[in-house]
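Participant: Take this structure, written in C-alpha cells, and hold onto it; I'll ask about it next.
There are 2 protein chains.
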Amino acid sequence: RKLDKSRQDRLYFDSYSDVTIHEEMLADHVRTNAYRTAIFRNSDSIRGKVVLDVGAGTGVLSIFCAQAGARKVFAVEACSIAEQAEKIVKQNKMEDRVEVIRGTVETVELPEQVDVIVSEWMGYALLHESMLNSVLYARDRWLKPGGLILPNRAELFIAPVSDPVVEDRLYFWYNVKDQYGVDMSCMADFAQKCVRNSDIAVNTVAGEDVLSHPARFAELDLRSVTVEELRSVGGAFRCESFGSAAVNAFCVYFTVSFPCPDGPHALVLSTSPFQPETHWKQAVLYVDRPEEVVQDTPVSGEVRMYPSEDSARHVCVHVDFSIGNHKRQSKTFSIPDWTSDAHI
Amino acid sequence: RKLDKSRQDRLYFDSYSDVTIHEEMLADHVRTNAYRTAIFRNSDSIRGKVVLDVGAGTGVLSIFCAQAGARKVFAVEACSIAEQAEKIVKQNKMEDRVEVIRGTVETVELPEQVDVIVSEWMGYALLHESMLNSVLYARDRWLKPGGLILPNRAELFIAPVSDPVVEDRLYFWYNVKDQYGVDMSCMADFAQKCVRNSDIAVNTVAGEDVLSHPARFAELDLRSVTVEELRSVGGAFRCESFGSAAVNAFCVYFTVSFPCPDGPHALVLSTSPFQPETHWKQAVLYVDRPEEVVQDTPVSGEVRMYPSEDSARHVCVHVDFSIGNHKRQSKTFSIPDWTSDAHI
C-alpha cells in the first residue's frame, strides 16, 4: 500500500494557488483546444467584429479571438490575474485590439455593444462556483440581438457507477492485523460512514466503472436561458445497467457545445468519463445504501441542481432515485466549502 | 505534461477526512513500526506498569503497550475517534487493561500516577499543530519521578536544497506558445513570485536535491524541556555544499528517539530526506533570491521556530542565512491556515 499522496499534493500545490489555477486550466488541453478550435472555426463571425470575454483570466481566449480576426476584444476580469493578462496581451503585440478591463462584468462600462461573447465559465458539476449568471448578465446587457455566444449550449448527464476506491479503502482496515498485530476490522463501518457522506467528490471516474449509458437530465440554451431558470436546473433520468455490479454512487458530468458553421455537427467539449480527462473530472455522489444491479436493471429518478442557501455560488445536487425494485432513495449533496477557491 | 493531480486528490480525499487522517498515520509504516518496535524493546519497563497514551487516536499505541505487558493503559483522546478506539480495544479483548478516556489530557482525572507516557505528538516541521505542550503537561502532572517517556528526545535539522519542481513549473509558461500560439513567457515572473512565498510547503524532498549534509539546529530533551522553552526553539547552523547548484530553498525535518535498553543506540524515527518517506515528508522553505553554490561553499545561519501570534497551534519558522559571500537574507515562514486539520 502506497502512502497516499493527497496531503502532499494538497500542501504542496496550495502554496502555489495564485498561479496554479491558471496553469491547470491552460494545461487542460481538452479545454483550451476546444475553445481554440471553436474560435477559429467561427472566424467568419469574429473577423472585424467586437468580442467580450467574460472572466478572461490570463486572456488566452481573448488572444485567440484577436488571432481569429476580431477588430476589438474586451477582456473583462475581476481578479488580480488581469494584471498578468495585460502583460501577456502586450507580449503578443495585441494591445491595439485586446483591451483588458479589470472589474466584474456587472459593473464595467463598455464603449459599445458586442457581436460575440466568449467565456469559459464552467465549474465543477457545471454550476459550482460558476460564472454563468455573469455571462447571462453580459448577454442581456452587451450582446447585440442575434449575436454569437461561445459556447451556446450546455448539457448535464448522470450515470450509476461502482467505485473500487471505496472498496480498497475499506479493505485497508482488515489488513491492519497482519501488519501490526492489532485487529481494526471494526473501523470499516466507520470508514464506510465517512466515505458515504453528502459531499460531492470531484474525481476521475474510469469508464469501466460506469454501469450504464449516461442519461441526459438537463439542457441549457445559453442564448435564451434566464438567471431565474438557473435557480433550479434538472430533470428526470432513466438508464439500464450493463451488467452485474453494486451501484455505489452516481456520476454527474457536463458537455458544452459550440456552433460549427463549416460542419454538420456542433463542436463539443465533453467531460464524460468516456472521453479524455479534463481538470473538471466528474462529480461523484455516494449513495447511502449501495444496491446490486444485473443486466438491464432500470435505474431511474430525478436530479435537481440549485444554489446553496448558505452561498449562492455553491451548488447543491438533490437526487431521487430507484434502483430496480429497491425502495426509492433520495439524498442531497454539496461541494465542501474549502473548494471556494476552486474556480475563480 | 500530465494534468496535475492536486485538485483531484484534495477534493477526493477531503471528503474522507474523518477516517483519512487515521488511515494515513497507520499506513505510515516507518512511524507505526518505530513506535511498535520501541514499545516492545522497552517491555521490561512496561510490563506490569501503568501507561498513559496522550492523543491515542485509534488506540494502536495503547494496544501495543498492553501487548508489551502493561498492567493498565489510559488512552486519552479528545476527538470523536475515541469512540472507535473503544471498539478497537474491545475487538482486541483488551478492555480490562486499556481504558479509553475521552477528553483533553489537561482536564481528565486519572486514578493514579503513571510509569510510562507514550505519545505520537509530532506535527509537520515537528511543532506545527503539535501536541507537545499537552505531553509536557501530562509529564508534569501524571508521570512518576524517573518515569519513561516514549519518545524521549527530538532533534531538528536543516539543509539547503535545490528544487527541480519549481524549475519545471516555471518552464511551463515558456511552452504555452508552442502549444497554443500565445506567448505567455512573461508569466514565469509571476509564477516565480507565487512559488517563492512565505508558506511552508510540506513535500517530499529527493535525497539528490539536498545540497549539503543536514545540520542540526535544535534538540529537545522531553524529560526536561518546558512549555516556556517551546516558545522559541532553534539555534545556529552551518553546512558546506556538496557541489555546484542553486539554493532554491531550505528543507527542515526532525527525528525523534526512543531509549533502547537492550542495544547501544537509541531507536530513531527519522523524517530525513535520506530515509524512507513518512507522512510528515519535509518542510520546504523557499528563499526569495536563489543563490549559486559550488563545492564547499559555506551556508550558515540561524533558525527560530515559535508559535504564531494568530494561532498558538501554528508554527512560524524564521531563517537568517548567508550563502557564501552573498548578502545575508532573512525570511519568516508559516504553514497556511487550511492545514489546521492536518494533525488532529
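For the record, the sequence lines run as chains A and B.
The numbers in my numbering rise by one with no breaks, and the one at position 285 of the first sequence is 285.
The numbers in my numbering rise by one with no breaks, and the one at position 240 of the second sequence is 1240.
Yeah, the Cβ is synthetic: ideal placement off N, Cα and C, and Gly gets one too.
No experiment lies behind these values; they were computed from the predicted model shown.
1. Let me see if you follow: with CB-CB separation under 7 angstroms, is A/Val252 close to chain B or not?
2. Specify, as a first and last residue, the run of the beta strand (DSSP E) that B/Ile1041 falls within.
3. Starting from B/Ala1070, trace the beta strand (DSSP E) in both directions and tell me its first and last residue.
4. Apply the 10 Å Cβ neighbour rule to A/Thr278 and answer buried if 16 or more other Cβ atoms are within range, or exposed otherwise.
5. Can you give the Cα-Cα distance for A/Ala70 and A/Ser257, rounded to whole angstroms?
6. Provide the residue span of the beta strand (DSSP E) that contains A/Arg238, from first to last.
7. For A/Asp262, does the three-state DSSP call read helix, strand or coil?
8. Apart from the five residues on each side of it in sequence, which residues of its chain come closer than 8 angstroms, Cβ to Cβ, to A/Thr204?
9. State yes or no: is the beta carbon of A/Met184 nearer than 7 angstroms to at least one beta carbon in chain B?
10. Would you mind sorting B/Asn1033 into buried or exposed? The rule is 16 or more other CB atoms within 10 Å of its CB.
11. Which residues in the same chain as A/Val294 place their Cβ atom closer than 6 angstroms to its Cβ, once the five residues preceding and following it in sequence are excluded?
12. Using beta-carbon positions only, say whether A/Val100 and A/Ala82 come within less than 7 angstroms of one another.
13. Tell me which same chain residues have a C-beta within less than 6 angstroms of the C-beta of A/Phe64, skipping the five on either side of it?
14. Between the alpha carbons of B/Val1114 and B/Glu1077, how many angstroms are there, rounded?
15. Taking all protein chains shown into account, do 16 or more other C-beta atoms lie within 10 angstroms of the C-beta of B/Asp1163, making it buried, or fewer, making it exposed?
16. With a threshold of 16 other CB atoms inside 10 Å of the CB of B/Ser1134, please say whether the residue is buried or exposed.
17. I need the straight-line Cα distance from B/Ser1198 to B/Met1305, nearest angstrom please.
18. Closer than 7 angstroms, Cβ to any Cβ of chain B: which residues of the segment 77-105 of chain A, in chain order?
19. If you compare alpha carbons, which of A/Arg102, A/Phe74, A/Val227, A/Ala66 is closest to A/Glu112?
20. Just by C-beta distance, which residues in the segment 194-209 of chain A are closer than 7 angstroms to chain B?
21. Residues of chain B with CB closer than 7 angstroms to the CB of A/Leu26, please, in chain order.
22. So, with DSSP's three-state summary, where would you put B/Cys1251?
23. For a minimum of 4 consecutive residues, which ranges assigned as the alpha helix (DSSP H) are wholly contained in the segment 1106-1163 of chain B?
24. Within 7 angstroms (strictly less), CB to CB, does B/Ala1070 reach chain A?
25. Work out the CA separation of A/Asp140 and A/Glu228 for me, nearest whole Å.
26. Taking only beta-carbon positions, decide if B/Tyr1023 is within less than 7 angstroms of chain A.
27. From A/Ala191, A/Val252, A/Thr226, A/Leu220, pick the residue whose C-alpha is nearest to that of A/Leu211; which is it?
28. Return the chain-ordered list of same chain residues with a C-beta closer than 7 angstroms to the C-beta of A/Met187, the five sequence neighbours on each side being excluded.
29. With 16 as the cutoff for other CB atoms within 10 Å, does B/His1265 come out buried or exposed?
30. Suppose you measure from the CA of B/Val1019 to the CA of B/Val1161; what does that come to, to the nearest Å?
31. Here's the rule: buried if 16 or more other CB atoms are within 10 angstroms of the residue's CB, otherwise exposed. What is B/Ser1330?
32. Starting from the Cα of A/Val319, find the closest Cα among A/Arg41, A/Arg47, A/Phe157 and give me that residue.
33. For A/Arg169, count neighbouring C-beta atoms within 10 Å of its own C-beta (all shown protein chains included) and say buried if the count is 16 or more, exposed if not.
34. By how many angstroms is the C-alpha of B/Cys1194 removed from the C-alpha of B/Val1166?
35. So B/Phe1254 and B/Ala1154 are supposed to be a Cβ contact under 8 angstroms. How far apart are they, rounded?
36. Quick one: Cα of B/Ala1201 to Cα of A/Gln84, how far?
Facilitator: Taking the coordinates as given:
1. no
2. Before going on, a small fix: residue 1041 of chain B reads as Arg here, not Ile. From DSSP, B/Arg1041 is part of no beta strand (DSSP E) but of the alpha helix (DSSP H) over 1029-1041.
3. Note, B/Ala1070: premise wrong, no beta strand (DSSP E); not H, not E.
4. buried
5. 21 angstroms
6. 233-240
7. coil
8. Pro273, Glu277, Lys281, Gln282
9. yes
10. exposed
11. Ser244
12. yes
13. Arg36, Ile39
14. 17 angstroms
15. buried
16. buried
17. 14 angstroms
18. Gln84, Lys87, Ile88, Gln91, Asn92
19. A/Phe74
20. Cys194, Val195, Asn197, Asp199, Ala201, Val202, Asn203, Thr204
21. Val1176
22. strand
23. 1132-1142
24. no
25. 13 angstroms
26. What sits at residue 1023 of chain B in the sequence shown is Glu, not Tyr. Interface residue, yes.
27. A/Val252
28. Trp173
29. exposed
30. 34 angstroms
31. exposed
32. A/Phe157
33. buried
34. 10 angstroms
35. 6 angstroms
36. 24 angstroms
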